[in-house]
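When you line the sequence shown up against the numbering used here, it's residues 6 to 157, in that order.
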Amino acid sequence: MFAPHVTVACIIKYKQKYLFVEEHDAGRVVLNQPAGHLEANESLNQAVSREVLEETGLALEPQGLVGCYLFTSPHNHITYLRFCYCYEFTSAPPPCKPQDHDIINCHWLSLEQLKERHTQLRSALVLEVIEDFEQGKRAPMEMLKYYPDGNV
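1) Going straight from the alpha carbon of Pro-67 to that of Asn-50, what length do you get?
2) For the alpha helix (DSSP H) containing Ala-52, name the first residue and the last one.
3) Going by DSSP, what residue range makes up the beta strand (DSSP E) through Leu-75?
4) Since Tyr-85 and Phe-76 are thought to touch, with beta carbons under 8 Å apart, how far apart are those beta carbons, to the nearest angstrom?
5) Return yes when the Cβ of Asp-154 is within less than 8 Å of the Cβ of Val-71, no when it is not.
6) Assuming Tyr-74 and Arg-87 form a contact by the criterion Cβ under 8 Å, report the distance between their Cβ atoms to the nearest whole angstrom.
7) Of all the options Glu-121, Arg-143, Thr-124, Cys-101, which has the alpha carbon lying nearest to the alpha carbon of Leu-65?
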């Protein structure tokens, strides 16, 4: 039975820069939004907040859903269902303090700087979700429902 890996990611913006994590992936050092897998007994919203905290040390609640992306990696041939959220700081964010030891560093990059480093992106989705965000694509957070006990 086919089952994609469910992942969450968060575009984090301050002024004209976006927050990226530098991490190891299959022997490469790559750039990605703070992201990771959905774990048992958590909502998608809880998952993205947890991943952002683990990978950047920032405690935040996402402000919007940019999109849902079904993507098969050309590197490992795994299919991912990625829910990409967004958060925009209105004042200077605190310094990043990753808790996850797989994170090498955090970087604030402009869209132009990201494009210059396109060979370092974990996947093509890293840039695509930023472009979708820049185009104003958003879905209301209420669109995602969570029923942990099965009662609707």
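Glycine included, C-beta positions come from ideal geometry on N, C-alpha and C. Because the structure is a prediction, the values reported are computed rather than measured.
In brief:
1) 7 Å
2) 49-61
3) Counting along the chain, the unbroken beta strand (DSSP E) around Leu-75 starts and ends at 69-77.
4) 5 Å
5) The Cβ atoms of Val-71 and Asp-154 do not sit closer than 8 Å to each other.
6) 5 Å
7) Cys-101
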